[in-house]
Each structure stands twice: as structure tokens, then as C-alpha cells.
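Chemist: Under the numbering used here, the first residue of the sequence shown is numbered 43, with each subsequent residue one higher.
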Amino acid sequence: MPRGENAPRASRQHRWKPGGSIASNGYVKIRVGKDHPLADPNGYAYEHLVVWCAAGNPRPPKGWLLHHANEDKTDNRIGNLELKRRGVHNAEHLAAENRRCPRTGRLLPKMRGAA
Ligand SMILES: [Zn+2]
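1. How many angstroms separate the CA atom of residue 137 from the CA atom of residue 127?
2. For residue 90, count the other beta carbons within 10 Å of its own beta carbon; 16 or more makes it buried, fewer makes it exposed. Which is it?
3. Using a 10 Å radius around the Cβ and a threshold of 16 neighbouring Cβ atoms, would you call residue 118 buried or exposed?
4. Do you know whose CA, among 125, 131, 74, 75, lies nearest residue 101's CA?
5. Ends of the beta strand (DSSP E) at residue 68?
6. Threshold first: 3 residues or longer. Then list the beta strand (DSSP E) segments lying entirely within the stretch 74–150, N to C.
7. Quick one, are the C-beta atoms of residue 120 and residue 93 less than 7 Å apart?
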């Protein structure tokens, strides 16, 4: 009977940071109150969406999302957010996992431990 190696790691499911909590998908949720247009039923909203809309931008339309330029989903400064089409975005992330440059397709050097 296999044991140990496949045990789920629950420790990263829900982390807290000042002013908000980090959801299991890695995005930060902050308390905005249930009246907020971006709020979920518990009165929380994704910080990156709140920041984006507070800067005067419309909510990303269906099929679009906000990419974190430095790949840190907890860094929700407006300058770190880029509106991207979902398909393009996912292809770029896949390319990154394969260590291929999304623009040139060239294999990049391994960046172990890089953020
Ligand atoms: Zn992204």
C-alpha cells in the first residue's frame, strides 16, 4: 500500500497576509463588504480586480483576465496587472513552464528557485 509520497499538502491552501487572505488558487482576497460590486457571497473580492477597477478600468470581459507581470499573484499593484486574452495568457504560462520564451520559442536556461 503506497503511503507518504502522495499525501496532499494542505499547508498552502489558505495563507493569510496583511489585509487579506490568499485563496487556494494563489490569488489574494480582501474583505470589501457584501455591497461591493465585485464581492462574493461572503463579502470578499479578489484584490487584483478591486485594484484594477479602482484605477478606473472596466471589469475584464468574459474570456479576458488579469495577468501578474512578475508572476506574483500576491503583488496587486496596478503596474503589475496586465489585461490579457485567456487563450494567449495560458499559452504564455505553458511556454514558461516549458522554459520556452513565448515570443521567440527559444528554450530558456533553467531558473530553479526563481520567483
Ligand atoms: Zn499570468
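All C-beta atoms, glycine included, are put in the ideal place defined by N, C-alpha and C.
Modeler: The answer reads as follows:
1. Residue mapping note: residue 137 aligns to position 95 of the sequence shown, counting from 1. Residue mapping note: residue 127 aligns to position 85 of the sequence shown, counting from 1. Whole-angstrom Cα-Cα distance: 15 Å.
2. Position 48 of the sequence shown, counted from the start, is the residue given in the question as residue 90. It is buried - the Cβ of residue 90 has at least 16 other Cβ atoms within 10 Å.
3. Counted from its first residue, the sequence shown places residue 118 at position 76. Residue 118 should be labelled buried.
4. The residue you call residue 101 lines up with position 59 of the sequence shown. Closest option to residue 101, Cα to Cα, is 125.
5. Within the sequence shown, numbered from 1, the residue matching residue 68 stands at position 26. Note, residue 68: premise wrong, no beta strand (DSSP E); not H, not E.
6. 86–88, 106–110, 123–127
7. As a first step, residue 120 must be located in the sequence shown, where it is residue number 78. As a first step, residue 93 must be located in the sequence shown, where it is residue number 51. Yes. Within cutoff.
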